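According to this note's numbering, the sequence shown is numbered sequentially starting from 2.
Ideal placement from N, C-alpha and C gives every residue a C-beta, glycine not left out.
The model shown is predicted, which means the values in this text are computed figures rather than measured ones.
Worksheet: one structure, shown below.
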Amino acid sequence: MAVGALAVALVIGFAVGRNDEAQAQSAGVIIPDIAREFLSQAELVESVCATTRWRALELFAVIDALRETQPAAQAALNAASINYALPDPEAYRTQAQATMASICSAPTVDQAVAGVDALFAINVDMEARYGALSEALGGEIEARVDVIEQNIRPQLDAWAAQQRAEVEAELQPEGQAIADQYLAQEQAAAQARIEAMAESLVAGGAGEAEVTAAVNQEIAALQASANAVITARVQEALAGRIAAAEARIRAEAETMAEQLAGRDASTLRALQAPFDAMLARVNAAVAAARTADSPEKRAAVETRVRLAMKAVDGRLALARPLVEAARAELASRAAANAALPDADEILAAMTERRNRLEADFRAAAQVGDETAFAAASTAFQAYWEQMAADVNGATGVWTASRVCEQALPAVTSGLSEAESALQQIQGAGTGFVGSGDDGQALRTALANADSRLVDYIDSLRGVNAACSSAGDGEARELIAMLDGLRAEQVEVRLAVESASEIARAIGEGN
2 MAVGALAVAL VIGFAVGRND EAQAQSAGVI IPDIAREFLS QAELVESVCA
52 TTRWRALELF AVIDALRETQ PAAQAALNAA SINYALPDPE AYRTQAQATM
102 ASICSAPTVD QAVAGVDALF AINVDMEARY GALSEALGGE IEARVDVIEQ
152 NIRPQLDAWA AQQRAEVEAE LQPEGQAIAD QYLAQEQAAA QARIEAMAES
202 LVAGGAGEAE VTAAVNQEIA ALQASANAVI TARVQEALAG RIAAAEARIR
252 AEAETMAEQL AGRDASTLRA LQAPFDAMLA RVNAAVAAAR TADSPEKRAA
302 VETRVRLAMK AVDGRLALAR PLVEAARAEL ASRAAANAAL PDADEILAAM
352 TERRNRLEAD FRAAAQVGDE TAFAAASTAF QAYWEQMAAD VNGATGVWTA
402 SRVCEQALPA VTSGLSEAES ALQQIQGAGT GFVGSGDDGQ ALRTALANAD
452 SRLVDYIDSL RGVNAACSSA GDGEARELIA MLDGLRAEQV EVRLAVESAS
502 EIARAIGEGN
């Protein structure tokens, strides 16, 4: 019956644009190594901030939808005397806004990414709490339904039994007429069969008792067959009227159930509408936010692509002079083997791949596809390594003297900058007298930067010394040293920037 079918179910599904693979990457935020190499901490945080502002629009759209529709659902619960407080959407908004602010003001990209993880935790908590509504309310509602059914079921059963008895009494004469007609048709033939069987038994020498038993058995069989045929004919003739009567009884029972249940049933039924409206509004809000060409989306795409390409262009800027320096050797090699590229072909391919990468980055950023963004970066890295192999494969290009000629100006400049930075770091550590957690964090960051700078300076001096004494056969060793130096440089810069950002934050807080 209708009362027994009452139920309230609410399952709200929303996500800040994530997918399973992206979740494994710090809530979908992937920071490629090339970005860490060429972008400052502030730029990396800017990219994370812009992307998260866009992707979080879905979360805030859900909160807005809940704020608009939840009061009606809460009122319906109260009207049904169900003591259940729905979650507070505004509390989630406050928490999410504070988390967004911490992401965009983070001193380091790792702290910004941790903030994104915290934002996802808010999202997951909302999913869990609203998703649990069906279970939380279901037991209460089912208990109310059971009470209603227990109160009205005896009355309904008695009424239905009376109605069926009346229908049977009404149809009884027609059924009897069908039975009488059949029996009248079959009686003469049945009597003839029984008499013939009795005469046959007597002629065969059967006694009276044997004949009587055989006749009684035949009569019982004929009666069973007649009953089956009569029942089938009655059902066939009256099936439509019986079905119509049953349908009428059920419909009238539903109406009676509503009347007997009264206000309790209508109150429970009224629960469904506001929860359905809330779910529909949430789904519509998520769909609209996901497809909207919002200012946040445009800003995120432009920021993400601009900074990603800045990192790529930084790597290309380092590579082009090396290709130019090997122009003669590459031309000689290409003349001997047409399948190998010369300098112009390598430089043209760099530009083409650079532009293709920008298009791939933009397409991935437009739809928030972190996996596609990372795949584009990986594909470019594979091209880069192949290009480096082509250049390095030119015999005689990378002699030790050529390597040092290209590298020493940058090494000398880097050494001067590192020594100056070390003096500043050591001076900051000497003059700082702060206490508490912030003070300890800054002292730790300064000590880390000091240690990395000292090691980096030693490595720079090591390259200088190696260039002073290297023979031409040691080019590969020098290149390996420079590769290690570049990786070390990234760690040094991150350490110095981290200390600087912590110091800035402490200064702004005082």
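Inset, instruction - For my contact list, M279 and Q71 are in at a C-beta cut-off of 8 Å; report their separation, rounded to the angstrom. - result: Rounded, the Cβ-Cβ distance is 6 Å, consistent with contact.
Inset, instruction - Decide if Q224 is buried, meaning its Cβ has at least 16 other Cβ atoms within 10 Å, or exposed. - result: Counting other Cβ atoms within 10 Å of its Cβ, Q224 stays below 16 and is therefore classed as exposed.
Inset, instruction - Output the distance between the C-alpha atoms of V117 and A506, rounded to the nearest integer angstrom. - result: Rounded to whole angstroms, the separation of the alpha carbons of A506 and V117 is 20 Å.
Legend entry - Pick from M101, A245, A360, Y131 that is closest to A74, judged by C-alpha positions: A74 has its Cα closest to that of Y131, out of M101, A245, A360, Y131.
Inset, instruction - Indicate the three-state DSSP secondary structure (helix, strand or coil) for L515 in the structure shown. - result: Residue coverage of the chain in this structure runs from 2 to 511, which leaves residue 515 outside it and unanswerable.
Inset, instruction - Using beta-carbon positions only, say whether V412 and R453 come within less than 7 Å of one another. - result: No. Outside cutoff.
Legend entry - Inter-residue Cα distance where the pair is V491 and N338: Approximately 38 Å between the Cα atoms of the pair.
Inset, instruction - Pull up the distance between the alpha-carbon of R299 and that of I83, whole angstroms please. - result: C-alpha separation (whole angstroms): 46 Å.
Inset, instruction - Using the Cα positions of V125 and N284, report the straight-line distance between them to the nearest angstrom. - result: Rounded to whole angstroms, V125 to N284 spans 16 Å at the Cα level.
Inset, instruction - Within the same chain, show all residues whose beta-carbon is closer than 7 Å to that of E502, passing over the 5 residues directly before and after it, in chain order. - result: Close CB contacts of E502 within its chain, under the 7 Å cut and outside five residues either way in sequence, are with Q42, P108, T109 (chain order).
Inset, instruction - Please list, in chain order, all residues of the same chain as A496 whose beta carbon is under 6 Å from its beta carbon, the five residues on each side excluded. - result: For A496, where only same-chain residues beyond five positions count, the Cβ hits under 6 Å are N449, A450, R453.
Inset, instruction - Let me know the secondary structure DSSP gives N338 once reduced to three states. - result: Three-state result, N338: coil.
Inset, instruction - Report yes if the CB atom of R282 is closer than 7 Å to the CB atom of A66, and no otherwise. - result: Yes, they are a contact pair.
Legend entry - Beta-carbon gap between L272 and A81 smaller than 7 Å: Yes, the pair counts as a contact, with Cβ atoms nearer than the cut-off.
Inset, instruction - Answer yes or no: does any C-beta atom of chain C fall closer than 7 Å to that of D277? - result: No chain C is part of this structure, which consists of one protein chain only.
Inset, instruction - Indicate whether A366 and V287 have their beta-carbon atoms separated by less than 7 Å. - result: It is not a contact, given that the beta carbons lie outside the stated cut-off.
Legend entry - For S501, three-class secondary structure by DSSP: Correct three-state label for S501: helix.
Legend entry - 7 Å Cβ cutoff met for L88 and I64: The question names Leu, yet the displayed sequence has Pro at residue 88. Contact flag unset, no.
Inset, instruction - Output yes or no for whether 7 Å exceeds the beta carbon distance between I458 and A408. - result: Going by C-beta atoms, I458 is not nearer than 7 Å to A408.
Inset, instruction - Using three-state DSSP, classify S106 as helix, strand or coil. - result: Of the three classes helix, strand and coil, the one that applies to S106 here is coil, per DSSP.
Inset, instruction - Give the secondary structure of P88 by DSSP, where H, G and I count as helix, E and B as strand, and everything else as coil. - result: DSSP places P88 in coil when its eight states are reduced to three.
Inset, instruction - Could you give the DSSP three-state label for R264: helix, strand or coil? - result: Its pLDDT being 48, under 50, R264 is placed unreliably by the model, and the measurement read from it follows with that caveat. Residue state, collapsed to three classes: helix.
Inset, instruction - Using alpha carbons as the reference points, say which of L486, E498, M127, N356 lies closest to A1. - result: The chain is shown from 2 up to 511; residue 1 falls before or after that span and cannot be answered.
Inset, instruction - Work out the CA separation of K311 and A504 for me, nearest whole Å. - result: When rounded, the distance between both Cα atoms is 27 Å.
Inset, instruction - Check whether the Cβ atoms of L323 and M351 lie closer than 7 Å to each other. - result: No.
Inset, instruction - Return the residue from the list Q163, Q177, A62, A57 that minimises the CA-CA distance to A122. - result: A57 is the residue among Q163, Q177, A62, A57 whose C-alpha sits nearest the C-alpha of A122.
Legend entry - Helix, strand or coil at D391 [DSSP, three-state]: Residue state, collapsed to three classes: helix.
Legend entry - Whole-number beta carbon distance between L416 and A500, since they are thought to touch under 8 Å: Rounded to whole angstroms, the Cβ separation of A500 and L416 is 20 Å, and the two are not in contact under 8 Å.
Legend entry - Inter-residue spacing [alpha-carbon to alpha-carbon] between I347 and F381: If you take the alpha carbons of I347 and F381, they lie about 14 Å apart.
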